[in-house]
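Q:
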Ligand code: GLY
Ligand code: MN
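In this note's numbering, the protein residues as written are 200 to 669.
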């Protein structure tokens, strides 16, 4: 974890922001508990709540905290583990020790939290909460606040946390960049190993191995597929064959839980087919245009529009779209090939702070579009120095979507459906990098990896030193 000063400063900043906005009362932070997989003692890997990690640095289950906006005090609530737990889990740091590493010197038993909240309610003090995303914490919140329905989260609290976490400090950037570098290694290993006869699960296993061997983990479930047209395809059961194109979307999470998130597309053969080259070039041009557009003050909505325009232009060049491209993009016709957003914030979560609400994270509280494609853009607001986000345009041939739109006669002024039918089976391609905004522009994080066709094919020919199956 960072030094205790970091966590103290973060809490002070939060208190200052909320006080300046005229808020009073208590801020309630709930850490996560262990989450059972198929029975209570067989749990999913523990993952602390990211906001709890951000403000307290405590990476252990069953913690909560209260920050008193009026008094400026912080109390961490948890119970020291008894000898029964230590027999199974080994020696554990005390609650006081964990709190002190995060710069907190007031601790209390877990049961004292309910008492503190009863007292606050009796005095009519406001208790600010964040939206729970796990049912156990929802239930805990209802019990703590004596509510039957879902307690309404505090918008000022959400906004203050979002604004603070959105701007990454130098020490956070270093941590994210380490996660991105490891993610680059995972992608390079995959690019060098893939060939016909392998299974998708071989590649998924390799990238997972690299993440785990470094002592870190994955920032989200691996996408390693020859069916990249399914956006979040977590099936790894296909065997790769000559002529397929492989889409890898995976990232490492650093030991402090900062994410990397990269996508690569490469041929299963040593080189791309001519059709794959055509589509890859469209995606690369969209990616480069979007990266070039990003900078301080530029709304991410414009970065997205730039990517969409480049995709429409590329598809027109291939005879798959037609007509006035600005009008086509405005109407959403390009979403036939690019039905999602160009990027999302990244930090302690791979989709940073999505639990706090996309309208706050990506839209400054304004409503999102409901248009197909645009509605999946998670980040639209003006980019600021210190923001970290992804740029990940793609082109996807989704047969079901093409057939449905064709049958419905949608966008016939802009889409050459007969030509598109001939491309079904080309799959899906995406190129994703992680960027940060600086005072003067945007910087791609990490040590870099092949993106052009020449670079990707050169990397594909470097198969030495890795497992080679017959
Ligand atoms: N890399 C997974 C996602 O951005 O949704
Ligand atoms: Mn992503």
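Note that CB positions come from ideal geometry on N, CA and C, so glycine has one too.
#1: At the level of alpha carbons, what is the spacing between residue 460 and residue 496?
#2: Considering only their Cβ atoms, is the gap separating residue 417 from residue 316 smaller than 9 Å?
#3: Could you check where the alpha helix (DSSP H) with residue 575 kicks off and where it finishes?
#4: When you compare only the Cα positions, how much space is there between residue 458 and residue 372?
#5: Should residue 460 be listed as close to ligand 2, given that the test is whether its C-beta is under 8 Å from any heavy atom?
#6: Considering only the beta carbon of each residue, do residue 228 and residue 266 sit closer than 9 Å?
#7: Does residue 204 pass the burial test, meaning 16 or more other C-beta atoms within 10 Å, or should it be called exposed?
#8: Can you tell me whether residue 262 is buried or exposed, with buried defined as 16 or more other CB within 10 angstroms of its CB?
#9: Per DSSP, which one or two residues make a beta bridge with residue 422?
#10: For residue 638, count neighbouring Cβ atoms within 10 angstroms of its own Cβ and tell me buried if that reaches 16, exposed if not.
#11: Starting from the N-terminal side, write out each stretch of the alpha helix (DSSP H) that is 4 residues or longer and does not extend beyond the segment 272–307.
#12: Look at the alpha carbon of residue 545 and the alpha carbon of residue 486, and state the distance between them as a whole number of angstroms.
#13: Quick check on the DSSP output: what are the complete alpha helix (DSSP H) runs of length 4 or more inside the segment 371–412, in order along the chain?
#14: Shorter than 8 Å, the distance from the beta carbon of residue 611 to the closest heavy atom of ligand 2, or not?
#15: Beta carbon of residue 631: closer than 8 Å to some heavy atom of ligand 4?
#16: Taking the alpha-carbon positions, what's the residue 629 to residue 447 distance?
#17: Excluding the 5 residues preceding and the 5 following residue 517 in the sequence, name in chain order all residues of the same chain whose CB lies nearer than 7 Å to its CB.
#18: State the DSSP-derived secondary structure class of residue 441, mapped to helix, strand or coil.
#19: Are the segment 467–477 and the segment 382–389 touching by the rule of at least three beta carbon pairs closer than 8 Å?
#20: Helix or strand or just coil, what does DSSP make of residue 257?
#21: For residue 525, verify whether its CB is less than 8 Å away from any heavy atom of ligand 2.
#22: CB-CB under 7 Å to residue 570, same chain, minus the five flanking residues each way: which ones, in chain order?
#23: Once DSSP output is grouped into helix, strand and coil, what is the label at residue 484?
#24: Going by other Cβ atoms of all chains shown within 10 Å of its Cβ, with 16 needed for buried, is residue 648 buried or exposed?
#25: On the DSSP bridge list, what partners appear for residue 203?
#26: Given residue 586, which residues of its chain have a CB within under 8 Å of its CB, disregarding the five upstream and five downstream residues?
#27: I need the DSSP call for residue 539, collapsed to helix, strand or coil.
#28: When you compare each of 207, 377 and 370 to residue 305 by their alpha carbons, which one comes out closest?
#29: For a test of your reading of the model: does the CB of residue 323 fall under 8 Å from any non-hydrogen atom of ligand 1? Yes or no.
#30: Figure out for me which residue from 472, 511 and 239 has the closest Cα to the Cα of residue 484.
#31: How long is the line joining the alpha carbons of residue 340 and residue 350, rounded to whole angstroms?
A: In short, the structure shows the following:
#1: On the chain shown, position 261 is the one that residue 460 refers to. On the chain shown, position 297 is the one that residue 496 refers to. In a straight line, the C-alpha of residue 460 is about 23 Å away from that of residue 496.
#2: Within the chain shown, residue 316 is the residue found at index 117, counting from 1. Within the chain shown, residue 417 is the residue found at index 218, counting from 1. Contact: no.
#3: Position 376 of the chain shown, counting from 1, holds the residue named residue 575. Following the DSSP letters along the chain, one finds residue 575 in no alpha helix (DSSP H), marked with neither H nor E.
#4: As a first step, residue 458 is located in the chain shown; it is residue number 259 there, counting from the start. As a first step, residue 372 is located in the chain shown; it is residue number 173 there, counting from the start. Spanning the two alpha carbons is a distance of roughly 11 Å.
#5: As a working note, residue 460 is residue 261 in the chain shown. Residue 460 Cβ: within cutoff of ligand 2.
#6: For the purposes of this step, residue 228 is taken as the residue at position 29 of the chain shown. For the purposes of this step, residue 266 is taken as the residue at position 67 of the chain shown. Yes, they are a contact pair.
#7: Working through the chain shown from its first residue, we reach residue 204 at position 5. With fewer than 16 other Cβ atoms within 10 Å, it is exposed.
#8: Numbered from 1 along the chain shown, position 63 holds the residue referred to as residue 262. When all chains shown are included, residue 262 counts as buried.
#9: Working through the chain shown from its first residue, we reach residue 422 at position 223. In the DSSP output, where bridge partners are listed per residue, residue 422 has 448.
#10: The sequence position of residue 638 within the chain shown is 439, counting from 1. Exposed, by the Cβ-count rule.
#11: Qualifying alpha helix (DSSP H) stretches, in chain order: 282–288 and 294–300.
#12: By one-based count along the chain shown, residue 545 stands at place 346. By one-based count along the chain shown, residue 486 stands at place 287. Roughly 18 Å between the two C-alpha positions.
#13: Segments of the alpha helix (DSSP H) lying fully in the segment 371–412: 399–412.
#14: The sequence position of residue 611 within the chain shown is 412, counting from 1. Checking the Cβ of residue 611 against ligand 2 gives no.
#15: As far as ligands go, the structure on display features ligand 1 and ligand 2 and does not contain ligand 4.
#16: Walking along the chain shown from the start, residue 629 turns up at place 430. Walking along the chain shown from the start, residue 447 turns up at place 248. So the two alpha carbons sit approximately 9 Å from each other.
#17: Counting from 1 along the chain shown, the entry for residue 517 is found at position 318. Sequence-distant partners of residue 517 (beyond 5 residues in either direction) whose C-beta falls short of 7 Å from its own C-beta, in its chain, are 477.
#18: For the purposes of this step, residue 441 is taken as residue 242 along the chain shown, with counting starting at 1. Three-state result, residue 441: coil.
#19: no
#20: Here the question's residue 257 lines up with position 58 in the chain shown. Residue 257: coil per DSSP, three-state reduction.
#21: Start at 1 with the first residue of the chain shown, and residue 525 comes out as number 326. No, the beta carbon of residue 525 sits no closer than 8 Å to any heavy atom of ligand 2.
#22: As a position in the chain shown, residue 570 is number 371, starting the count at 1. So the list reads 531, once near-sequence residues are dropped.
#23: Here the question's residue 484 lines up with position 285 in the chain shown. Helix, per DSSP.
#24: Start at 1 with the first residue of the chain shown, and residue 648 comes out as number 449. Residue 648 is buried by the Cβ-count criterion.
#25: Here residue 203 refers to the residue found at position 4 of the chain shown. Its beta-bridge partners do not exist; DSSP assigns none.
#26: In the chain shown, counting from the first residue as 1, residue 586 sits at position 387. Annotation for residue 586: 365, 366, 367, 544, 635 and 636 place their beta carbon closer than 8 Å to its own, counting only its chain and skipping 5 residues before and after.
#27: Here residue 539 is taken as the residue at index 340 of the chain shown, counted from 1. Three-state DSSP puts residue 539 in coil, outside helix and strand.
#28: Your numbering for residue 305 matches position 106 in the chain shown. Closest option to residue 305, Cα to Cα, is 207.
#29: Your numbering for residue 323 matches position 124 in the chain shown. No; taking the cut-off as 8 Å, the Cβ of residue 323 has no heavy atom of ligand 1 nearer than that.
#30: Against the chain shown, residue 484 aligns to sequence position 285. Nearest option by C-alpha distance: 511.
#31: The residue you call residue 340 lines up with position 141 of the chain shown. The residue you call residue 350 lines up with position 151 of the chain shown. Straight-line Cα distance between these residues: approximately 7 Å.
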